[in-house]
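If you read the protein sequences in the order shown, they are chains A and B.
No gaps in the numbering here: position 44 of the first sequence is 56 in this note's numbering, and each next residue is one more.
No gaps in the numbering here: position 76 of the second sequence is 151 in this note's numbering, and each next residue is one more.
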Amino acid sequence: MLTCPALAASATLLTDLTASPQGGAFLSATADPAVQTLNGFLAEVERKAFRMAQMALRHDEDALDAVQDAMLQLARRYSSRPSAEWRPLFYRILENRIRDLQRRRTVRGRIMAWVPWRGDAEETEADPVERAPDPAPGPAAQAEGGQIGTALQHAISLLPARQREAFLLRNLEGLDVAETARAMGCSEGSVKTHYSRAVHSLREQLSEFMT
Amino acid sequence: MSNEEDTSAFELRARELLRDSVDNLDAATRSRLTQSRHAALAARGTRPSWLDLRVLAPGGAVAAAALVAVLLWGLPSHHALKESGSALDDLELLADSDGYELSQEPDLEFIEWAAAMSEMDPVGT
């Protein structure tokens, strides 16, 4: 019987879709240390990246798409770069992808609002996530209700993009100022400004529940 | 408590809450992320396929927009249609020698008749 190594590897991948975050079965199919290093890096960042994208996009499927695209781009284009460079690169790709998705939503909303023959209004409404009033209570009300974690995420999602990015890269990913500046593609001074404004804004809303 | 210490305590608490939110991610989402990671590892070092619709879609949209622009540009405007109509009339007159002569010669009979009528009834009643 003819067997193709690539097909065999694909079959291994498909049967291991629910493997552990460290991807044990996948790694057993390849002994390439470069793949193992990349797998370890992606496994470490994927959940944090998802939370970041989720707070930015406020949509789980879009957040998963953004993380998947960022992982694909890093693996395709930058996997040959030194692994020390991956982290800021990955988060820069992710943020660009998030912005693309936000722009696409806006454009789609404008086009659909203009198209006269649109059918199902529910599907074609302009950017329902942006336009619909948020049914959830505000961050302070959520904090009062004991949902302090949800309240914090909600408050972060309402921050301006650069402030949100700086706050999450520093506090969720644990990057220092220099790494955050590389990931955001700006100066360290800008990072400090965005970060300080983000902390000030969040403290105003939530400090009495979080200290 | 100074403002700096207060901020620091706030940040530590925020980090703790964010870390909890990552640790408590549901199983379905974790599984989707694992699938995505495996797909990325399998695609490592490869170029995106030209048959990938997500690659083709922007190019297709640009091509469609260009086609519409070319069609709109190429269609003769209303003014151009009128102009081309009068040019055809001129061409017809030039080609038809009889018609051209008729249009150039004065109608003497009619002029004589009109002059006679105006002499008979100068006020035109």
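Here a beta-carbon is modelled for each residue, glycine too, at the ideal position from N, C-alpha and C.
For a quick check, are the C-beta atoms of residue i and residue j less than 9 Å apart?
| i | j | result |
| --- | --- | --- |
| residue 80 (chain A) | residue 102 (chain B) | no |
| residue 83 (chain A) | residue 107 (chain B) | no |
| residue 76 (chain A) | residue 62 (chain A) | yes |
| residue 85 (chain A) | residue 105 (chain A) | yes |
| residue 88 (chain A) | residue 144 (chain B) | no |
| residue 167 (chain A) | residue 214 (chain A) | yes |
| residue 96 (chain B) | residue 165 (chain A) | yes |
| residue 222 (chain A) | residue 160 (chain A) | yes |
For residue i, would you say it is in contact with chain A, using Cβ-to-Cβ distances shorter than 9 Å as the test?
| i | result |
| --- | --- |
| residue 97 (chain B) | yes |
| residue 142 (chain B) | no |
| residue 108 (chain B) | yes |
| residue 147 (chain B) | no |
| residue 89 (chain B) | yes |
| residue 174 (chain B) | In this prediction, residue 174 (chain B) has a pLDDT of 49, which is less than 50 and means its spatial position is unreliable; nothing more can be read from the coordinates. |
Kindly say whether residue i, judged by its beta-carbon, lies nearer than 9 Å to any beta-carbon of chain B.
| i | result |
| --- | --- |
| residue 114 (chain A) | no |
| residue 21 (chain A) | Below a pLDDT of 50, predicted positions are generally treated as unreliable, and residue 21 (chain A), at 43, falls in that range; the measurement from the model is reported next regardless. For residue 21 (chain A), the answer is yes, since a Cβ of chain B falls inside 9 Å of its Cβ. |
| residue 1 (chain A) | Only positions 13 to 223 of chain A appear in this structure, which leaves residue 1 (chain A) out of reach. |
| residue 108 (chain A) | no |
| residue 160 (chain A) | yes |
What residue does the alpha helix (DSSP H) around residue i start on, and which one ends it?
| i | result |
| --- | --- |
| residue 63 (chain A) | 45-69 |
| residue 193 (chain A) | 189-196 |
| residue 95 (chain A) | Segment: none, residue 95 (chain A) is in no alpha helix (DSSP H) and carries neither H nor E. |
| residue 72 (chain A) | 72-85 |
| residue 205 (chain A) | 200-222 |
| residue 106 (chain B) | 102-117 |
| residue 194 (chain B) | 183-195 |
Between the Cα of residue i and those of the options, spot the shortest distance and give me the residue it belongs to.
| i | options | result |
| --- | --- | --- |
| residue 95 (chain A) | A:122, A:213 and A:47 | A:47 |
| residue 71 (chain A) | A:123, A:161, A:169 and A:58 | A:169 |
| residue 209 (chain A) | A:222, A:174, A:51 and A:68 | A:174 |
| residue 99 (chain A) | A:69, A:56 and A:44 | A:56 |
| residue 163 (chain A) | B:84, B:89 and B:183 | B:89 |
| residue 107 (chain A) | A:122, A:179 and A:68 | A:68 |
Do the stretch 185-199 of chain A and the stretch 215-223 of chain A meet, that is, are 3 or more Cβ pairs less than 8 Å apart? no
Could you check whether the stretch 117-124 of chain A touches the stretch 168-184 of chain A, counting it as contact only if at least three pairs of C-beta atoms, one from each stretch, sit closer than 8 Å? no
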